[in-house]
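Student: Throughout the sequence shown, residue numbering follows mature numbering (1 follows the signal peptide of the UniProt record, and there is no 0), covering -19 to -1, 1 to 148 in sequence. Glycine is no exception: its CB is placed at the ideal position from the N, C-alpha and C atoms. Just so we're clear, the structure is a prediction, and the values are computed from it rather than from any experiment. Following this message is one structure expressed as structure tokens.
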Amino acid sequence: MIKRIMILSIILLMLPVQQALGEAKTIQAYLFPVKLSVAGKEVTIPAEYTVLNYNNHIYLPIRYVAETMQFLISYIPEYNTLSMDHDRVIGPSATFDQAKLVAFEAYHVKQVTEVGIRILTKEELSHRPDDPKDETPVYFIVDTVDQNDAVLRIYVSSNKASHHFII
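Encoded structure:
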């Protein structure tokens, strides 16, 4: 009797596990050892990157390929967007320290909490003041706290620190 109860308990405990495993979605992809040619030059894909073939489509490691082609690539998590840009990318000729100085000198902030660099979103670019000499979409993003303890985000061009704005 105890054996039957134990066996029945084990079977009942396994049912939710089988259901959970049955709901998992899987794909069948194949490793695809391929040679990559960029602008007529063969590029060796490092061993830590994997090229896949799924449903007769080749999937390449996007960051490696973009950087090999000299694209600037950036992931913008708040928009779940992968951004790549090749045209007009010149920077950075400004530095992280210069971006911080702009925050302190031009906006008189009390504290800089974080500085990053990335390609601006279309929304952010729409707020950029027109400057024909600075067409880069690459900006330092300077998160700050002002004298009134308000949080500010300052955008400083990577081409020249004198070009900056706030939204």
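Is residue 19 helix, strand or coil by DSSP?
Tutor: In the structure shown, residue 19 sits in a strand (DSSP, three-state: E or B).
Student: If we call anything under 8 Å between Cβ atoms a contact, is residue 101 one with residue 45?
Tutor: No.
Student: Rounded to the nearest angstrom, what separates residue 120 and residue 30 at their Cα positions?
Tutor: 29 Å
Student: Within a Cβ cutoff of 7 Å, which residues of the same chain sit near residue 47, ignoring the five residues on either side of it in sequence?
Tutor: 54, 65
Student: Tell me the rounded alpha-carbon separation between residue 90 and residue 128.
Tutor: 6 Å
Student: On the DSSP bridge assignment, give the partners of residue 124 in chain order.
Tutor: 95, 134
Student: Among all the DSSP beta bridges, which residues are the ones paired with residue 100?
Tutor: 119
Student: From the DSSP output, read off the bridge partner residues of residue 24.
Tutor: 17
Student: Would you mind reading off the limits of the alpha helix (DSSP H) that contains residue 49?
Tutor: 43 to 49
Student: Please look up how many angstroms separate the CB atoms of residue 12 and residue 33, rounded, as I've assumed it's under 8 Å.
Tutor: 7 Å
Student: Should residue 38 be listed as close to the ligand ADP, given that the test is whether its C-beta is under 7 Å from any heavy atom?
Tutor: The model depicted lacks the ligand ADP and carries no ligand whatsoever.
Student: Taking all protein chains shown into account, do 16 or more other C-beta atoms lie within 10 angstroms of the C-beta of residue -12, making it buried, or fewer, making it exposed?
Tutor: The pLDDT assigned to residue -12 is 49, lower than 50, so where the model puts this residue is not dependable; a value taken from the coordinates is nonetheless given after this. Under this definition residue -12 is an exposed residue.
Student: For residue 124 and residue 109, which I take to be in contact (beta-carbon distance under 8 Å), what is that distance rounded to the nearest angstrom?
Tutor: Their Cβ separation, rounded to whole angstroms, is 18 Å, which puts residue 124 and residue 109 out of contact at 8 Å.
Student: Which two residues bound the contiguous beta strand (DSSP E) that contains residue 85?
Tutor: Segment 77 to 88 is the alpha helix (DSSP H) holding residue 85; no beta strand (DSSP E) there.
Student: Return helix, strand or coil for residue 35, following the three-state DSSP convention.
Tutor: strand
Student: Find the nearest neighbour of residue 58 within the set 139, 6, 39, 99, judged by alpha-carbon distance.
Tutor: 99
Student: Please return the same chain residues whose Cβ sits closer than 6 Å to the Cβ of residue 40, not counting the five positions on each side in sequence.
Tutor: Once the five neighbours on either side are set aside, the close Cβ partners of residue 40 are 33.
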